[in-house]
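Chains as they are written, first to last, in this note's numbering: chain A, 299 to 578; chain B, 58 to 307. Below: the structure, in structure tokens.
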């Protein structure tokens with residue numbers, strides 16, 4: 299009887315996590331720039347950049363390494379301060395990290411001293427959610443990312459793809475309006491990456507969260523994004539804004555997708571070429 | 058079969074010892090055989106003298122180590138996280154770590170008199186700097202990505218330390234704790250040699266005073282046994298746990 303009751307509570311809770319009131323919020327990035335002081339002097343990582351992201355939009359930031367797209371993501375997450383400009387989430391200027399915007403990392407950044415379940419519960423624990431409720435939420439999310447049975451596993455026992463799944467569950471536990479993803483699948487093999495793409499697409503269509511996804515993989519960007527913003531090499535600035543109208547769920551084998559990707563690659567090449575020419 | 062080899066080795070060692078002891082090369086009050094030493098150990102334990110002595114020493118060790126642990130954790134965290142403390146206090150700790158803790162004993166006796174507090178002071182000085190340096194190293198080497206992940210997941214202030222920095226530093230901290238314990242144990246024995254109430258170190262000294270090499274050796278065996286036991290019962294399980302979790306089992 300008791301078990302049954304908890305089960306119902308769990309399902310109800312999971313429903314609220316996944317659907318009701320969990321939709322995304324708009325992001326407004328206004329003339330944000332970032333300079334670093336290095337031994338060589340002042341280094342501009344990101345030139346003044348403005349982006350408007352609609353609520354529930356899936357935006358990919360695409361560019362070569364070191365173009366400042368990860369820096370921009372950290373700034374949106376509130377983990378780094380911009381040298382100039384302003385970021386607003388749902389109209390409110392942000393001043394630091396907030397659990398309405400959760401950042402995911404390429405290395406997954408799971409805590410090795412916690413098992414899978416406690417990694418997923420970490421954010422809830424910070425929020426002061428009771429142990430019992432944390433467990434219920436974590437179980438639902440672990441199931442959602444297809445890791446049931448691995449609750450007690452430690453990080454080193456998981457493959458790269460499983461680690462990213464845990465990281466996604468850990469972020470979703472906080473039910474953030476925005477997911478900020480910094481090349482989360484960059485270190486995975488192609489097959490695992492494809493699976494995680496479709497799983498992420500599913501989560502996104504179910505929750506309508508705003509997603510900003512950083513990648514240097516053109517096809518990944520086209521497969522996932524509503525929009526692909528192309529960055530120039532350092533100092534980074536946006537050189538193109540593609541709207542991807544392909545129907546979902548998308549497949550990497552789709553010819554239209556390949557054509558779209560080829561077009562973006564050409565833009566990127568041109569920018570890289572410019573860069574090489576100016577350096578010479 | 059390594060255990061068989063080990064048993065054979067120790068049997069041979071005891072046999073050689075017994076043979077040399079009986080050869081009359083050295084007088085028995087200088088080199089008693091293992092049988093006599095074990096008999097002394099047994100009667101000392103049975104009479105309760107060795108048991109009381111061991112308990113007294115262990116209590117001092119526990120008190121001194123607990124003090125070092127509290128101060129060392131706090132100090133290590135501060136030095137590891139605050140740049141100017143590292144430059145100032147950190148360098149002092151590094152210097153003091155180079156000083157064998159027995160060197161504190163004369164000063165401790167001057168300050169506190171030859172009493173319990175002097176001995177515990179020396180134990181603290183033995184363990185404190187190793188623990189501090191272990192915590193500091195662990196804290197400093199905490200991968201920044203853990204801190205970033207914790208902050209984006211809503212961790213703030215003290216809980217970042219208790220739930221991220223300290224656990225992340227645990228493998229390095231454990232190294233410091235182990236080294237600290239072994240230094241504390243050594244300084245305790247040194248301190249007790251000079252001290253008059255019943256304890257392990259004092260039993261060693263009284264064996265010398267009585268020209269009783271069997272007692273000296275029996276107490277040495279006891280000290281070895283206690284040291285190995287603490288290592289096995291307290292530190293080995295913790296280390297195994299950490300290794301399993303982190304996946305460091307090689």
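Even for Gly, the Cβ is constructed at its ideal location relative to N, Cα and C.
Can you name the residues that DSSP bridges to residue i?
i	result
residue 203/B	Residue 203/B pairs with nothing; no bridge assigned.
residue 391/A	386/A
residue 538/A	528/A
residue 148/B	None, per the DSSP bridge assignment.
residue 452/A	413/A
residue 326/A	350/A, 386/A
residue 358/A	511/A, 526/A
residue 332/A	344/A
residue 399/A	396/A, 476/A
Nearest by alpha-carbon distance to residue i: which of the options is it?
i	options	result
residue 487/A	475/A, 501/A, 505/A, 458/A	458/A
residue 462/A	491/A, 474/A, 438/A	491/A
residue 464/A	549/A, 409/A, 392/A	409/A
residue 144/B	184/B, 193/B, 290/B, 283/B	193/B
residue 561/A	549/A, 539/A, 545/A, 546/A	539/A
residue 185/B	129/B, 152/B, 305/B, 112/B	129/B
residue 107/B	300/B, 304/B, 293/B, 259/B	259/B
residue 282/A	413/A, 356/A, 404/A, 493/A	The first residue shown for chain A is 299 and the last is 578, placing residue 282/A beyond what the model contains.
residue 136/B	149/B, 113/B, 124/B	149/B
residue 368/A	506/A, 439/A, 535/A	535/A
residue 119/B	291/B, 159/B, 142/B	291/B
residue 187/B	86/B, 58/B, 82/B, 158/B	158/B
residue 564/A	552/A, 489/A, 528/A	528/A
residue 201/B	378/A, 482/A, 362/A, 429/A	378/A
residue 170/B	262/B, 252/B, 282/B	252/B
residue 425/A	180/B, 177/B, 210/B	210/B
residue 302/B	456/A, 531/A, 555/A	456/A
residue 341/A	537/A, 326/A, 364/A, 440/A	364/A
Any beta carbon of chain A sitting closer than 8 Å to that of residue i?
i	result
residue 60/B	no
residue 203/B	yes
residue 148/B	no
residue 199/B	no
residue 304/B	yes
residue 300/B	no
residue 210/B	yes
residue 215/B	no
residue 165/B	no
residue 224/B	yes
residue 227/B	yes
residue 275/B	no
residue 194/B	no
residue 206/B	yes
How about residue i: is its C-beta nearer than 8 Å to some C-beta of chain B?
i	result
residue 468/A	yes
residue 545/A	no
residue 397/A	yes
residue 371/A	no
residue 364/A	no
residue 425/A	yes
residue 319/A	The pLDDT assigned to residue 319/A is 46, lower than 50, so where the model puts this residue is not dependable; a value taken from the coordinates is nonetheless given after this. Closer than 8 Å: no.
residue 416/A	no
residue 455/A	yes
residue 441/A	no
residue 400/A	yes
residue 345/A	no
residue 409/A	yes
residue 315/A	Here the model assigns residue 315/A a pLDDT of 46, short of 50, so the residue's position is not dependable and the matter cannot be decided.
residue 340/A	no
residue 375/A	yes
residue 421/A	yes
residue 569/A	no
Rounded to whole angstroms, how far is the Cβ of residue i from the Cβ of residue j, which I believe are closer than 8 Å?
i	j	result
residue 248/B	residue 162/B	6 Å
residue 191/B	residue 241/B	Not confirmed; about 13 Å, so no contact.
residue 533/A	residue 343/A	7 Å
residue 226/B	residue 199/B	6 Å
residue 550/A	residue 519/A	Actually they do not touch by this definition, with Cβ atoms about 12 Å apart.
residue 295/B	residue 231/B	6 Å
residue 88/B	residue 270/B	7 Å
residue 110/B	residue 245/B	12 Å between Cβ atoms; not a contact.
Q: Say whether the segment 428-438 of chain A touches the segment 400-420 of chain A, bearing in mind that this needs 3 or more beta-carbon pairs closer than 8 Å, one atom from each stretch.
A: yes
Q. For the 8 Å Cβ check, are there 3 or more pairs between the segment 268-276 of chain B and the segment 93-102 of chain B?
A. yes
Q. Looking at C-beta atoms only, is the number of pairs between the segment 70-79 of chain B and the segment 212-228 of chain B that lie closer than 8 Å three or more?
A. no
Q | the segment 325-336 of chain A touching the segment 381-398 of chain A, judged by at least three CB pairs closer than 8 Å | A | yes
Q) Using 8 Å as the threshold, is the segment 438-451 of chain A in touch with the segment 388-403 of chain A, meaning 3 or more CB pairs across them? A) The segment 438-451 of chain A and the segment 388-403 of chain A do not touch, with fewer than 3 CB-CB distances between them shorter than 8 Å.
Q: Evaluate the contact criterion for the segment 369-379 of chain A versus the segment 448-456 of chain A: three or more CB pairs, one atom per stretch, below 8 Å.
A: no
Q) Given 8 Å as the limit, is there contact between the segment 495-505 of chain A and the segment 542-556 of chain A, that is, 3 or more CB pairs closer than that? A) yes
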